[in-house]
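K.L.:
One structure, pasted below without further comment.
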Amino acid sequence: MARTAPKKDVVVVGLGWTGAILSMELAQEGLEVLALERGEDRDTVPGFEYPNVIDELKYGVRYGFMQRPSQSTVTVRHAPGENALPYRILGSFLPGNGVGGAGMHWNGHTWRPQPEEMRLRSYTIEHFGRNVIPDGMQLADYPLSYEELEPFLARFEGVAGISGQAGNINGKLIPGGNPFEGPRSGNYPMPAMPHTYDADLFTQATKAMGYHPFPLPGSIASQSYVNEYGMQMGPCNFCGFCERFGCYNYSKGSPQTCILDALKRKPNFSYKTHSEVLRVELAADGKTATGVTYFDHAAGEEVFQPADLVLLCAYQLHNVHLLLLSGIGKPYNASTGEGATGRGYAYQMTGGTTMFFKDKEFNPFIGTGSNSMVIDDFGVNQIDFAKEGFVGGSYITAGTYNGQPIRSMPLPAGTPSWGSEWKKAIGEWYGHAMSIGSHGSCMSYQDNYLDLDPTYKDQFGRPMLRMTFNWKDNDIRMTQFMRGKIEEIAKNMNPDIMQSGYKSEGAMYDVRPYQTTHNVGGAVMGNDPNSSVVNRYLQAHDVHNLFVMGAGAFPQNLQYNPTGLVGGLAYWAAHALRNDYLRNPRILA
12 MARTAPKKDV VVVGLGWTGA ILSMELAQEG LEVLALERGE DRDTVPGFEY PNVIDELKYG
72 VRYGFMQRPS QSTVTVRHAP GENALPYRIL GSFLPGNGVG GAGMHWNGHT WRPQPEEMRL
132 RSYTIEHFGR NVIPDGMQLA DYPLSYEELE PFLARFEGVA GISGQAGNIN GKLIPGGNPF
192 EGPRSGNYPM PAMPHTYDAD LFTQATKAMG YHPFPLPGSI ASQSYVNEYG MQMGPCNFCG
252 FCERFGCYNY SKGSPQTCIL DALKRKPNFS YKTHSEVLRV ELAADGKTAT GVTYFDHAAG
312 EEVFQPADLV LLCAYQLHNV HLLLLSGIGK PYNASTGEGA TGRGYAYQMT GGTTMFFKDK
372 EFNPFIGTGS NSMVIDDFGV NQIDFAKEGF VGGSYITAGT YNGQPIRSMP LPAGTPSWGS
432 EWKKAIGEWY GHAMSIGSHG SCMSYQDNYL DLDPTYKDQF GRPMLRMTFN WKDNDIRMTQ
492 FMRGKIEEIA KNMNPDIMQS GYKSEGAMYD VRPYQTTHNV GGAVMGNDPN SSVVNRYLQA
552 HDVHNLFVMG AGAFPQNLQY NPTGLVGGLA YWAAHALRND YLRNPRILA
């Protein structure tokens with residue numbers, strides 16, 4: 012029988028970006044807040060001290076900061092009717108583990124959605140007709156507009172310390188920024204970062220072709236900066252160890268750098284690590300959360316943590332798993348299309364072209380996680396869906412994202428993977444390669460979804476989360492369109508060797524190579540409880556005191572990295588909690 016802990020006003024599940032934001036916002040209201048984190052404690056000092064943290068073998072290759080499949084995993088299959096198998100070795104996506112979550116070891120790319128992406132179904136029908144939406148695609152609008160969300164996107168950018176160049180301030184286009192972005196209320200908190208030689212070459216080539224290059228917006232400090240919580244960031248030194256690493260220089264935005272040290276000073280906030288939440292507990296009527304039950308790994312026992320307000324702030328897959336295990340919302344049925352919990356799972360479509368130049372030196376040991384120049388000329392709002400035969404879009408980018416010698420060793424196709432010829436190729440080509448990448452949208456479909464696996468169970472005897480996912484023709488057509496545009500740019504740069512990697516017709520989803528950690532959907536936001544799990548404020552339709560943060564709310568995936576929208580939605584939900592719900596607890600309209 013679980014031990015019962017003293018009651019708290021708020022229990023927060025997961026202490027990454029959204030958990031830190033919601034904890035801070037509600038602690039400022041004077042509420043007693045407890046955050047439960049399944050992993051270990053992590054902080055810049057001593058956890059990210061130089062040179063220990065830039066051990067590429069430990070963290071970049073062996074995933075020292077990632078969740079272990081032996082701790083928690085999913086099962087994966089391509090289609091309903093197949094038997095799913097456990098995801099046993101990290102590859103396709105890398106969930107974070109410990110305080111800070113994936114926000115600790117990410118690259119820092121921080122985008123806003125285009126206004127059109129916030130109402131993608133309506134935009135598509137209005138401009139191209141209903142017939143361009145393929146059968147089985149679950150295209151949907153968000154239940155709030157870009158204009159409503161803009162102040163909260165701006166606030167997250169201020170907290171996370173984003174460096175960038177605005178392209179549209181209150182409807183006025185600004186030279187050097189993205190001319191296709193939605194209107195912003197102001198510029199980024201810091202000027203754009205300088206960029207590397209490969210990005211310069213990309214800029215020259217794309218400008219000559221009539222495109223509109225601009226610097227990638229990222230949570231990497233270009234100068235000294237202090238955010239609203241008094242947290243300080245130092246200018247980046249281009250060490251090249253962002254992705255998969257903690258930042259020893261206080262330059263990369265993370266919950267640690269931007270929120271947690273201020274939050275920990277509040278006497279009404281506390282957190283427990285090695286505390287794995289097993290389920291949300293509900294009152295007899297099923298309409299009110301009474302708290303959560305978690306397993307205290309240090310004590311070796313289950314604990315019931317009562318609370319008046321429950322906030323799920325874990326990774327998208329974990330949030331959906333907890334909802335299904337706790338009986339919150341009706342589980343999605345792919346055969347009938349009924350139910351909402353688990354509906355709308357989507358991933359991310361990526362591809363790229365690598366070029367080798369005998370006469371160019373790129374110094375690949377210099378870089379940052381968000382070092383890049385970008386064109387958005389083929390984003391969602393620049394594509395004729397009817398003409399091109401797909402719904403979606405992509406940004407196209409070039410730059411050196413890391414300076415890690417083990418993981419940054421591109422070699423021409425056909426090079427042996429070991430031995431003297433491999434060594435010879437490294438001597439010839441190291442520092443002579445650059446890439447142009449596509450980072451594109453991925454739509455949601457009736458037969459791509461999440462549910463509970465009927466066969467495999469986790470260490471606590473709970474059914475594992477099952478992922479049913481495969482690539483669809485629409486998204487393959489999108490990435491092949493981008494391939495044509497990228498290869499045209501690459502050819503104009505006159506490389507000695509050029510090689511490409513994109514999903515093609517008939518491609519099957521493969522969990523082995525890393526792609527992105529941008530899993531979305533499964534706890535989709537919307538106005539209709541029959542097709543969504545949470546409302547426009549990320550409040551569960553059926554349980555008034557349960558709010559679910561994160562990318563699970565996305566009805567389909569953006570062409571952009573999700574963290575900017577995740578952070579904006581967290582501040583949007585926090586505003587509703589502070590200014591409406593706490594005064595009158597109820598389902599918010």
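The numbering of the sequence shown is the working numbering, which starts it at 12 and goes up by one. Note that beta-carbon positions come from the ideal geometry of N, C-alpha and C, so glycine has one too. Predicted model, so just to flag it, every value in this text is computed and none were measured.
Measure the alpha-carbon distance for V143 versus A436 and round it to whole angstroms.
P.N.:
Against the sequence shown, residue 143 aligns to sequence position 132. Against the sequence shown, residue 436 aligns to sequence position 425. Cα to Cα, V143 sits roughly 47 Å from A436.
K.L.:
Using a Cβ-Cβ cutoff of less than 6 Å, which residues in the same chain neighbour F139 once the five nearest sequence positions on both sides are dropped?
P.N.:
Here residue 139 refers to the residue found at position 128 when the sequence shown is read from its first residue. The answer, listed in chain order, is F396, A397.
K.L.:
Take A424 and list the residues in its own chain whose beta-carbon comes closer than 6 Å to its own, dropping the five residues that flank it on each side.
P.N.:
As a position in the sequence shown, residue 424 is number 413, starting the count at 1. Only Q510 meet the Cβ criterion.
K.L.:
Here's a check: name, in chain order, each residue in its chain whose Cβ is nearer than 7 Å to the Cβ of D469, leaving out the five neighbours to either side.
P.N.:
For the purposes of this step, residue 469 is taken as the residue at position 458 of the sequence shown. Contacts found: S83, M475.
K.L.:
Out of curiosity, what's the CA-to-CA distance linking V577 and V331?
P.N.:
In the sequence shown, the residue the question calls residue 577 occupies position 566. In the sequence shown, the residue the question calls residue 331 occupies position 320. Answer to the nearest angstrom: the Cα atoms are 15 Å apart.
K.L.:
Can you name the residues that DSSP bridges to H450?
P.N.:
Sequence index remark: in the sequence shown, residue 450 carries index 439 (1-based). Paired residue(s): T361, Y406.
K.L.:
Could you tell me whether the Cβ atoms of G71 and R255 are closer together than 8 Å?
P.N.:
Reading the sequence shown from its first residue, position 60 is the one you call residue 71. Reading the sequence shown from its first residue, position 244 is the one you call residue 255. In this structure, R255 lies closer than 8 Å to G71 by Cβ.
K.L.:
On a Cα-Cα basis, can you pick out the residue from A295, R354, A584, A151 that is closest to L463?
P.N.:
Taking the first residue of the sequence shown as position 1, residue 463 is located at position 452. Nearest Cα to L463 within the set A295, R354, A584, A151: R354.
K.L.:
Alpha carbon to alpha carbon, how far is G512 from T364?
P.N.:
Residue 512 sits at position 501 when you count from the first residue of the sequence shown. Residue 364 sits at position 353 when you count from the first residue of the sequence shown. So the two alpha carbons sit approximately 6 Å from each other.
K.L.:
Please state the DSSP three-state secondary structure of I417.
P.N.:
By 1-based counting over the sequence shown, the position of residue 417 is 406. Coil, per DSSP.
K.L.:
On the three-state DSSP scale, how would you describe N568?
P.N.:
The residue labelled residue 568 in the question sits at position 557 within the sequence shown. N568 falls in the strand class under three-state DSSP.
K.L.:
With distances taken between CB atoms, is the gap from G27 to T121 smaller than 8 Å?
P.N.:
Within the sequence shown, the letter at position 16 stands for residue 27. Within the sequence shown, the letter at position 110 stands for residue 121. It is not a contact, given that the beta carbons lie outside the stated cut-off.
K.L.:
Measuring CB to CB, does K6 end up less than 8 Å from D507?
P.N.:
The shown model of the chain, from 12 to 600, leaves out residue 6, and the question about it has no answer.
K.L.:
Quick check on this structure: which residue in A318, P540, E516, K496 has the alpha carbon closest to the alpha carbon of Y222?
P.N.:
On the sequence shown, position 211 is the one that residue 222 refers to. Ranking the options by Cα distance to Y222, first place goes to K496.
K.L.:
Going by the CB atoms, is the gap between G112 and Y326 shorter than 8 Å?
P.N.:
By 1-based counting over the sequence shown, the position of residue 326 is 315. By 1-based counting over the sequence shown, the position of residue 112 is 101. The answer is yes: Cβ separation under 8 Å.
K.L.:
Given S405, which residues of its chain have a CB within under 8 Å of its CB, disregarding the five upstream and five downstream residues?
P.N.:
By one-based count along the sequence shown, residue 405 stands at place 394. Its chain contains M360, F389, G390, S449, H450, G451, S452, M489, T490, M493, Q570 as the residues whose beta carbon lies nearer than 8 Å to that of S405, once the 5 sequence neighbours on both sides are disregarded; these appear in chain order.
K.L.:
So, does the stretch 259-273 touch the stretch 286-296, judging by three or more C-beta pairs under 8 Å?
P.N.:
No, the stretch 259-273 is not in contact with the stretch 286-296.
K.L.:
Could you round the C-beta distance between N572 and H529 to whole angstroms and report it? I think they count as a contact, below 8 Å.
P.N.:
Within the sequence shown, residue 572 is the residue found at index 561, counting from 1. Within the sequence shown, residue 529 is the residue found at index 518, counting from 1. About 7 Å; that satisfies the 8 Å criterion.
K.L.:
What separation, rounded to the nearest whole angstrom, lies between the Cα atoms of H443 and E51?
P.N.:
As a working mapping, residue 443 is identified with position 432 in the sequence shown. As a working mapping, residue 51 is identified with position 40 in the sequence shown. In this structure, the CA atom of H443 is about 40 Å from the CA atom of E51.
K.L.:
State the Cα-Cα distance for the pair S196 and V559, rounded to the nearest angstrom.
P.N.:
Within the sequence shown, residue 196 is the residue found at index 185, counting from 1. Within the sequence shown, residue 559 is the residue found at index 548, counting from 1. Each residue's alpha carbon lies about 27 Å from the other.
K.L.:
Roughly how many angstroms separate the alpha carbons of E60 and F167, rounded to a whole number?
P.N.:
Numbered from its first residue, the sequence shown carries residue 60 at position 49. Numbered from its first residue, the sequence shown carries residue 167 at position 156. Distance between the alpha carbons of E60 and F167 is about 27 Å.
K.L.:
Just to confirm the assignment, what range does the beta strand (DSSP E) spanning M475 have?
P.N.:
Locating residue 475 in the sequence shown gives position 464, counting from the first residue. For M475, the enclosing beta strand (DSSP E) stretches over residues 474-479.
K.L.:
Determine the burial state of P202: buried for a count of at least 16 other Cβ atoms within 10 Å of its Cβ, exposed for fewer.
P.N.:
For the purposes of this step, residue 202 is identified with residue 191 of the sequence shown, where counting begins at 1. The residue in question, P202, is exposed, as its Cβ has fewer than 16 Cβ neighbours within 10 Å.
K.L.:
For the candidate residues R132, A90, V64, whose alpha-carbon lies nearest to that of F76?
P.N.:
Here residue 76 is taken as the residue at index 65 of the sequence shown, counted from 1. F76 has its Cα closest to that of V64, out of R132, A90, V64.
K.L.:
I'd like to check one pair, D539 with T411: are the Cβ atoms closer than 8 Å?
P.N.:
Here residue 411 corresponds to residue number 400 of the sequence shown, with the count starting at 1. Here residue 539 corresponds to residue number 528 of the sequence shown, with the count starting at 1. It is not a contact, given that the beta carbons lie outside the stated cut-off.
K.L.:
Under DSSP, the beta strand (DSSP E) around T86 begins and ends at which residues?
P.N.:
By one-based count along the sequence shown, residue 86 stands at place 75. Taken as a continuous stretch (DSSP letters only), the beta strand (DSSP E) holding T86 covers 85-88.
K.L.:
Would you mind sorting P427 into buried or exposed? The rule is 16 or more other CB atoms within 10 Å of its CB.
P.N.:
Taking the first residue of the sequence shown as 1, we reach residue 427 at position 416. With fewer than 16 other Cβ atoms within 10 Å, it is exposed.
K.L.:
Determine the closest residue to N344 out of M35, L580, L42, G533, with distance taken between C-alpha atoms.
P.N.:
For the purposes of this step, residue 344 is identified with residue 333 of the sequence shown, where counting begins at 1. The shortest C-alpha separation from N344 is found at G533.
K.L.:
Who are the near neighbours of V522 in its chain, counting only those whose CB is closer than 8 Å to its CB and skipping five residues on each side?
P.N.:
On the sequence shown, position 511 is the one that residue 522 refers to. If we look at V522 and ignore the five residues flanking it on each side, its Cβ neighbours are V87, Y98, G102, S103.
K.L.:
Which residues in the same chain have their Cβ closer than 7 Å to the Cβ of T9, if we skip the five residues on either side of it in sequence?
P.N.:
With the chain covering 12 to 600 only, the question about residue 9 has no answer from this structure.
K.L.:
So, using beta-carbon positions, are G380 and I231 closer together than 8 Å?
P.N.:
Taking the sequence shown and counting its residues from 1, one reaches residue 380 at position 369. Taking the sequence shown and counting its residues from 1, one reaches residue 231 at position 220. Contact: yes.
K.L.:
Using the DSSP secondary-structure output, state which residues sit across from I508 in a beta bridge.
P.N.:
Here residue 508 refers to the residue found at position 497 of the sequence shown. Bridge pairing for I508: F367 [DSSP].
K.L.:
Compute the Euclidean distance between the alpha carbons of A501 and S446, then round it to the nearest angstrom.
P.N.:
Residue numbering aside, residue 501 sits at position 490 when the sequence shown is read from its first letter. Residue numbering aside, residue 446 sits at position 435 when the sequence shown is read from its first letter. Straight-line Cα distance between these residues: approximately 9 Å.
K.L.:
Thinking L289 and F471 are a contact (beta carbons under 8 Å), I'd like their distance in whole angstroms, please.
P.N.:
Here residue 289 refers to the residue found at position 278 of the sequence shown. Here residue 471 refers to the residue found at position 460 of the sequence shown. Indeed they touch by this definition, with Cβ atoms about 6 Å apart.
K.L.:
Give me the DSSP bridge partner(s) of V291.
P.N.:
As a first step, residue 291 must be located in the sequence shown, where it is residue number 280. DSSP, once it has assigned bridges, lists V303 as partnering V291.
K.L.:
Give the DSSP-derived three-state secondary structure of G71 in the structure shown.
P.N.:
Here residue 71 is taken as the residue at index 60 of the sequence shown, counted from 1. Residue state, collapsed to three classes: helix.
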